[in-house]
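Everything in the sequence shown is counted per this note's numbering, starting at 1 for the first residue and increasing by one. Glycine residues also receive a C-beta, built at the ideal position from the N, C-alpha and C atoms. None of these values were measured; they are calculated from a predicted model.
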Amino acid sequence: MAKKGSLREFQAHLAARLAGVGEQSAAGLLGVQSGVDYWLLKLSDSGEVIPLPPLTSVPLTKSWFVGIANIRGNLYSVVDFSAFQGKATTAQNSGSRLLLIGTRHGSNAALLVTRTLGLRNVDDLRPAPADPDAAAWANDAYTDNEGRRWKMLNVRQLLADENFMDIGV
Numbered sequence: 001m002a003k004k005g006s007l008r009e010f011q012a013h014l015a016a017r018l019a020g021v022g023e024q025s026a027a028g029l030l031g032v033q034s035g036v037d038y039w040l041l042k043l044s045d046s047g048e049v050i051p052l053p054p055l056t057s058v059p060l061t062k063s064w065f066v067g068i069a070n071i072r073g074n075l076y077s078v079v080d081f082s083a084f085q086g087k088a089t090t091a092q093n094s095g096s097r098l099l100l101i102g103t104r105h106g107s108n109a110a111l112l113v114t115r116t117l118g119l120r121n122v123d124d125l126r127p128a129p130a131d132p133d134a135a136a137w138a139n140d141a142y143t144d145n146e147g148r149r150w151k152m153l154n155v156r157q158l159l160a161d162e163n164f165m166d167i168g169v
């Protein structure tokens, strides 16, 4: 009988720890750099971050659509996030990363970014004035203690953006 009590105590302890992790994750954000811009994504939306795999180009697509990636047998459409915004193309090198952003939202979409910058705590950031010309998926902004401007990426709105979905020339 003592083992049943121990198992219950262990399960209660494990459940409490998992609940605590969920609360900490809610306050956490993933920081990435895309070109010269700094971006934040909610951890729940960030999906998986992987090194850049080989990409297969797709003819008759816009220049910011860099191709298709095979990730563990699943095909992902890959968008150069900087080029999509009309800025410089992202170098495809060992520091580049793919953010598999669409999986949670039922889409195999990935963003090519310059690099990941690790976790950021929203409590360490200050709200910044919104850019009136920003897209709906990028209208929240923050500044950090070093004066860098961080834009918040709303993944759901990005995936619903007609321009993002229209890859054909």
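Distance between R126 and L112, taken at the CA atoms: about 27 Å.
Take the alpha-carbon of D140 and the one of E9: they are about 43 Å apart.
Less than 8 Å separates the beta-carbon of L117 from that of Q33.
Taking 8 Å as the cut-off, the beta carbon of A110 is found no closer than this to the beta carbon of Y142. Annotation: the stretch 56-133 contains the following complete segments of the beta strand (DSSP E) (minimum length 3 residues), in chain order: 65-71, 74-80, 97-100, 109-113, 115-121. Counting C-beta pairs closer than 8 Å gives three or more between the stretch 39-46 and the stretch 151-159, which meets the contact rule.
In the pairwise beta carbon analysis, the stretch 85-101 is classified as touching the stretch 46-64: at least three pairs are separated by under 8 Å. Beta bridge pairing from DSSP links S44 with no other residue. When beta bridges are read from the DSSP output, D140 appears opposite M152. Here L52 carries a coil assignment [DSSP, helix/strand/coil].
Pairing D161 with W137 gives a Cβ-Cβ distance under 8 Å.
Beta bridge pairing from DSSP links V32 with W39, T116.
Taking each of Q157, D123, A88 in turn and checking the Cα distance to W64, the smallest one comes out for A88.
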